[in-house]
Every structure is written in structure tokens, then in C-alpha cells.
Amino acid sequence: MKNEEAKFILQAYRHNGQDAEDVCFQEALKQVKEDPELQSWFSEEKALDEVVSSKLLELEPPKSLKQNILTGSELSRRPSIFTIKHGLMIAAALVLMIGLSTLWFPFKKEYDHTVYTAEMADFLSHKLDGLEIYSHELVDIQRYLREAGLDGDIVIPAGLHNLTGIGCRILAWKGQEIALICFRQEDDKVIHLLVMEENVFPQIGETPQFAKVDTWTMAIWNRDSKHYLLAGGPGLSQRL
Amino acid sequence: MSGTPNKVDQPEFEELIERYYENLYRFALSLAKNEAEACDLTQQTFFLWASKGHQLRDKSKVKSWLFTTLHREFLGSRRRRSRFPHHELTIVEHELPKVTPAQFRDVDSATVMETLWEIDEMFRTPLVLFYLQDHSYQEIAEILQVPTGTVMSRLSRAKEQLRARLAITKVTKQGASKVVPLSKTPKISPTGPVI
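Chains L and U, in that order, give the protein sequences. All residue numbers for the first sequence refer to our numbering, where the first residue is 1 and numbers rise by one. All residue numbers for the second sequence refer to our numbering, where the first residue is 1 and numbers rise by one.
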């Protein structure tokens with residue numbers, strides 16, 4: 001094992017020795033004993049960790065926090081003032097309201113997809129500063145989406161299958177949740193797949209439509225009641 | 001608050017609060033960057049435990065559950081707050097003086113937290129969990145739902161950023177005129193995106 005590799009591993013070693021038995025560190029720890037240069041680096045690393053850690057642990061929560069947690073949970077456990085009768089009345093009122101709203105607003109939500117693509121282009125160009133989960137594995141991304149309450153059953157276009165995944169983030173647009181999944185292309189540039197849980201653009205069909213928005217080439221299509229948007233550079237059509 | 005967490009055992013619940021609320025608060029503060037939101041996230045996490053904790057079969061996972069839940073609540077609150085939340089990201093591009101632990105023994109904990117805030121969130125989150133000392137790298141991977149190799153790589157990168165920022169703190173505290181500039185670098189751009 002090279003020293004650089006040992007350093008990389010030992011940076012995850014807690015200075016208080018809690019990881020001393022962890023097999024993952026054994027080889028690197030053995031090397032520390034045999035190499036004075038590595039030993040010196042490790043001593044300093046642990047000392048710095050100890051300082052930062054102790055400073056962090058010195059931070060005291062506000063005095064009221066613990067009591068507030070206890071009081072909050074106590075209040076939450078008190079019997080509700082609503083009886084089953086009240087609950088039934090509320091449920092009946094809700095059913096009535098939903099029924100009336102259906103009469104008043106009989107049409108499904110529909111939006112202009114050009115507004116959507118323009119806003120997404122602006123977001124991708126200027127506001128995307130990070131992702132919520134970084135993983136090369138699509139299964140990790142799908143699990144994250146499911147745990148966040150999204151469907152996760154996304155049909156990834158065939159042309160993206162061989163690309164390396166980077167990660168994903170969940171966005172919201174006009175009340176619709178959108179899964180943004182990023183892939184790294186062979187030329188190191190990033191291609192973005194945005195999947196809207198509910199299709200609010202019924203005018204778009206299953207055949208991809210292409211558009212140039214700002215610096216982005218975009219393809220949009222619907223599939224299985226979801227709306228898909230793929231944003232990248234020239235040659236995007238080969239990804240579908 | 002809504003819902004009625006009736007299934008919690010009160011002495012156990014109080015013990016749980018006693019054991020974890022401080023580190024949960026510190027973790028929340030590192031994420032939210034303000035005290036009020038950190039308190040709110042901590043309270044919300046315990047409230048969720050009181051409502052849903054009984055569903056956790058493996059009780060040895062309580063700690064991971066609490067930290068994972070707080071992290072998710074934080075991500076969710078940011079998502080709700082704005083359509084496209086934006087965070088300032090900075091990197092240090094210049095050579096910085098070497099940092100030694102002794103130079104930071106006198107730095108107060110608030111300054112250390114402020115320095116941690118300057119680290120990219122992606123790297124800051126595992127680093128704070130690491131410095132809370134309560135979590136092994138495997139547990140951090142579980143909380144953040146990323147592979148263990150990713151945790152190691154983020155810790156390495158986070159420490160690099162921390163050293164750079166501590167060096168700036170040192171330069172500033174010493175009153176030196178040469179303050180190293182920070183540049184804002186977008187993570188992704190249409191022409192040459194890098195994450």
C-alpha cells in the first residue's frame with residue numbers, strides 16, 4: 001500500500017480510537033508503525049481532528065431545546081379534542097368540497113411546455129449548484145427517489161444506459177415534483193434527464209419532440225403518465 | 001404539528017432525547033446554518049421518532065434513523081422553501097499556508113462552525129458526522145445513503161477544504177494583509193460541466 005492510499009483511508013479513522021478494531025484500517029495502521037513520515041502525518045491529522053471535533057462538541061444547544069422537545073411531544077400525545085363524530089363530519093365536508101371542486105374545475109392541470117423548458121434551461125445553466133444524492137448506481141438513485149415519495153419507476157432512454165450516473169435531485173415546478181438525474185457523457189459533459197411525476201403537458205406525445213433552448217438541445221416526450229425532458233448538447237437525438 | 005404519537009414509551013423517549021439531542025442539534029446547525037432552523041429540525045426529528053419510531057424493527061439502528069431523518073427533513077425543507085434553492089459554493093484556488101492543530105486551539109467553537117459552513121454541503125455533511133465522533137464511516141454511509149468508498153473520498157476532500165479554510169481563518173485572525181480570495185465556481189455549466 002502506498003502512503004497516499006494509506007492517508008486516504010486513515011482520514012476516515014476517528015482520532016479517539018473507536019475504529020481501532022475495524023479491519024478496513026488495519027493495513028494502513030500497520031504501515032503507520034513502520035513508516036516515520038506517515039506516522040508524523042497521522043499524528044498531526046489526528047491532532048487536528050481532535051481540535052476540530054472538540055470545538056464542535058463544545059457547541060451547546062439552546063437551553064430551552066431539550067424542554068421544548070419534551071413539551072412538544074407531550075402536547076402531541078394529549079387526547080385530541082376531536083371526537084369520531086367530529087372526524088366523520090369533517091370527512092363528509094371534505095368529500096363535498098372535493099365533489100364541488102370537480103364540478104367547478106372539471107379540467108385536468110395543463111401547462112405550456114415551452115415555459116417549462118425555458119425555466120429548466122435557465123435552471124440548468126445558472127442555478128444548479130449541486131445534487132441531493134451522488135451515486136453511479138441507478139438503483140441507488142431510484143431508491144432515493146422512492147424514499148422521497150416519488151415513483152422511481154423511470155424509463156431511462158436506451159442511449160443513457162452506458163453512461164455513468166452522477167446523482168439526482170428533486171425539484172418542484174408549479175406543484176409538480178421532478179426527478180433530475182444527471183449522467184456524465186463520454187466527453188465528460190453532463191446530460192440531464194428530468195422526469196415529472198404527473199404529465200401536465202397532454203399535448204406532448206410519446207414521440208420525442210426536439211427544441212433548442214438557450215445553449216441546450218432538449219427532447220421532451222410522455223410515457224406511462226410521466227413527462228420526460230432530456231437536456232444536453234448536439235447529438236442528443238442519438239441518446240433516445 | 002399534526003398526528004398523535006401515542007406509541008412511544010416515555011422514559012425510553014426521554015433517554016433517547018438525552019442521548020442524542022445535542023449531537024442532532026450540532027448536525028442540524030451545520031446543515032441549516034441558523035439556530036432557529038436547527039432547533040426546529042431537531043424537534044421535528046424527535047417528533048417523527050415519537051410517531052414512527054415504533055416501526056423500526058432493529059433498535060440498534062435508532063441513531064442512524066435519527067440522523068438520516070434529520071438529514072431528509074433538512075433536504076425536504078429546502079425543497080419546500082424555494083422551487084430551486086440556491087447555495088453559494090466556493091473553492092480555494094490558491095496556495096495556502098500550512099495549518100497546524102496548535103494554531104486552532106484558541107479558536108472558538110462558533111468560528112469552527114462558521115468555517116465548516118463554508119465547505120460545500122456535499123462534503124460538509126459527512127465531515128460533521130465524522131467529527132461528532134459518534135459515527136463510523138459505515139454509519140455515515142448508511143445515514144447519507146452512499147457507498148462507503150464515497151464517504152471516504154468525501155471526507156478526504158472535506159478535510160482538504162477545511163484545512164484551506166482554516167488557513168484563511170488563521171491569516172485573517174493574524175491580521176495579515178494578504179487575504180486569500182475565494183472564487184465562486186458553478187458546479188455545472190452547459191459548456192464544461194464538472195461536479
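Beta carbons: idealized from backbone N, C-alpha and C, even for Gly. Please read all numbers here as calculations on a predicted model, not as lab measurements.
Distance, residue j Cα to residue i Cα
{"i": "U:F84", "j": "U:Q43", "result": "Residue confidence is low: U:F84 scores 40 on pLDDT, short of 50, so the model does not pin down where it sits. No coordinate-derived value is stated."}
{"i": "U:R26", "j": "L:C168", "result": "26 Å"}
{"i": "U:F130", "j": "U:S136", "result": "7 Å"}
{"i": "L:K33", "j": "L:S43", "result": "11 Å"}
{"i": "U:Y20", "j": "U:D40", "result": "15 Å"}
{"i": "U:A102", "j": "U:A158", "result": "20 Å"}
{"i": "U:R163", "j": "U:E114", "result": "13 Å"}
{"i": "L:E27", "j": "L:L163", "result": "34 Å"}
{"i": "L:L194", "j": "L:E132", "result": "14 Å"}
{"i": "L:I36", "j": "L:E5", "result": "Contrary to the premise, residue 36 of chain L reads as Pro rather than Ile in this sequence. Distance between the alpha carbons of L:P36 and L:E5 is about 16 Å."}
{"i": "U:E121", "j": "L:E50", "result": "21 Å"}
{"i": "L:I178", "j": "U:T69", "result": "21 Å"}
{"i": "U:V92", "j": "U:V107", "result": "In this predicted model, U:V92 has a pLDDT of only 37, less than 50, meaning its place in the structure is not dependable enough to derive any value."}
{"i": "U:P190", "j": "L:G232", "result": "Any reading at U:P190 must be qualified, since the residue scores a pLDDT of 34, below 50, and its modelled position is unreliable; no value is offered."}
{"i": "U:H87", "j": "U:F13", "result": "At U:H87, the pLDDT of 37 sits below 50, so the modelled position is not reliable; the number obtained from the coordinates is stated separately. Each residue's alpha carbon lies about 35 Å from the other."}
{"i": "U:E15", "j": "U:D9", "result": "10 Å"}
{"i": "L:L240", "j": "L:F8", "result": "39 Å"}
{"i": "U:H94", "j": "U:E73", "result": "Since pLDDT at U:H94 reaches only 42, below the 50 mark, its modelled position is unreliable, and no value is offered."}
{"i": "L:A118", "j": "L:F210", "result": "13 Å"}
{"i": "U:E37", "j": "L:N68", "result": "14 Å"}
{"i": "L:A93", "j": "U:S64", "result": "41 Å"}
{"i": "U:S82", "j": "U:L56", "result": "With a pLDDT of 45 at U:S82, under the threshold of 50, the modelled position of this residue cannot be trusted, and the question is left open."}
{"i": "U:L75", "j": "L:E45", "result": "31 Å"}
{"i": "L:A20", "j": "L:Q31", "result": "14 Å"}
{"i": "L:I156", "j": "L:S54", "result": "46 Å"}
{"i": "U:E18", "j": "U:P11", "result": "10 Å"}
{"i": "U:T4", "j": "U:W117", "result": "Interpretation of U:T4 is limited by its pLDDT of 41, a score under 50 that renders its predicted location unreliable; the figure taken from the coordinates is listed afterwards. For U:T4 and U:W117, the distance between alpha carbons rounds to 35 Å."}
{"i": "L:G149", "j": "L:I191", "result": "24 Å"}
{"i": "U:N34", "j": "U:L127", "result": "18 Å"}
{"i": "L:V213", "j": "L:D22", "result": "52 Å"}
{"i": "L:G205", "j": "U:M152", "result": "45 Å"}
{"i": "U:R78", "j": "L:A91", "result": "31 Å"}
{"i": "L:H161", "j": "L:G175", "result": "30 Å"}
{"i": "L:P106", "j": "L:M97", "result": "Caution applies to L:P106, whose pLDDT of 47 falls short of 50 and renders its modelled position unreliable; the value that the coordinates give is listed next. Distance between the alpha carbons of L:P106 and L:M97 is about 13 Å."}
{"i": "L:M1", "j": "L:F123", "result": "44 Å"}
Proximal residues of chain U, C-beta to C-beta of residue i below 8 Å
{"i": "L:Q11", "result": "M152, L155, S156 and K159"}
{"i": "L:G205", "result": "None at all; the shortest Cβ gap to chain U is about 27 Å."}
{"i": "L:G165", "result": "Within 8 Å Cβ-Cβ: nothing; L:G165 doesn't reach chain U, min ~11 Å."}
{"i": "L:E4", "result": "What L:E4 touches in chain U: nothing, since even the nearest Cβ is about 10 Å away."}
{"i": "L:R14", "result": "F130, Q133 and S136"}
Cβ pair residue i, residue j closer than 8 Å
{"i": "L:P243", "j": "L:T217", "result": "Nothing can be reported for residue 243 of chain L, as the shown portion of chain L is limited to 1 through 240."}
{"i": "U:W49", "j": "U:L66", "result": "yes"}
{"i": "U:Q138", "j": "U:T125", "result": "no"}
{"i": "L:K226", "j": "L:E186", "result": "no"}
{"i": "L:G165", "j": "L:S135", "result": "yes"}
{"i": "U:I168", "j": "U:H71", "result": "no"}
{"i": "L:I181", "j": "L:H113", "result": "no"}
{"i": "L:L229", "j": "L:M120", "result": "yes"}
{"i": "U:Q161", "j": "U:I119", "result": "yes"}
{"i": "U:T45", "j": "U:L24", "result": "yes"}
{"i": "L:G72", "j": "U:F47", "result": "yes"}
{"i": "U:F123", "j": "U:R154", "result": "yes"}
{"i": "L:Q11", "j": "U:S156", "result": "yes"}
{"i": "L:Q238", "j": "L:G152", "result": "no"}
{"i": "U:V112", "j": "L:V52", "result": "yes"}
Contacts of residue i in chain L (Cβ-Cβ under 9 Å)
{"i": "U:V107", "result": "V51 and K55"}
{"i": "U:Q145", "result": "I133, S135, D140, R143, Y144 and E147"}
Partner residues on chain U for residue i, Cβ-Cβ distance less than 9 Å
{"i": "L:G235", "result": "Residues of chain U passing the Cβ test: none, with the nearest at roughly 14 Å."}
{"i": "L:E186", "result": "Residues of chain U passing the Cβ test: none, with the nearest at roughly 14 Å."}
Beta-carbon neighbours of residue i, restricted to chain U and to distances below 7 Å
{"i": "L:A47", "result": "P101"}
{"i": "L:D19", "result": "S136"}
{"i": "L:G152", "result": "None at all; the shortest Cβ gap to chain U is about 14 Å."}
{"i": "L:E197", "result": "Simply none; closest approach about 14 Å."}
{"i": "L:F8", "result": "M152 and S156"}
One or two residues paired with residue i in a DSSP bridge
{"i": "L:H278", "result": "The shown model of chain L, from 1 to 240, leaves out residue 278 of chain L, and the question about it has no answer."}
{"i": "L:I220", "result": "L:Q209 and L:L229"}
{"i": "U:T45", "result": "In DSSP, U:T45 forms no bridge with anything."}
{"i": "L:Y116", "result": "Beta-bridge pairing links L:Y116 to no other residue."}
{"i": "L:G165", "result": "L:F183"}
{"i": "L:L171", "result": "L:I178"}
Chain-ordered chain B contacts of residue i [CB-CB under 8 Å]
{"i": "U:T42", "result": "Note that chain B does not occur in the displayed structure, where the protein chains are L and U."}
Beta-carbon neighbours of residue i, restricted to chain L and to distances below 7 Å
{"i": "U:K22", "result": "The amino acid at residue 22 of chain U is misidentified as Lys; the sequence shows Glu. Chain L residues near U:E22: P61."}
TODO: With 9 Å as the C-beta to C-beta threshold (strictly closer), list the residues of the stretch 57 to 71 of chain L near chain U in chain order.
DONE: L57, E58, L59, E60, P61, P62, S64, L65, K66, N68, I69 and L70
Task: Members of the stretch 19 to 39 of chain L that neighbour chain U once the beta carbon cut-off is set at 9 Å - done: D19, D22 and C24
Task: Contacting positions in the stretch 50 to 63 of chain U - beta carbon closer than 9 Å to chain L - done: A50 and S51
Open item on the list: Closer than 9 Å between beta carbons: that is the criterion. Which residues of the stretch 8 to 19 of chain U meet it against chain L?
Closed with: V8, Q10, F13, E14, I17 and E18
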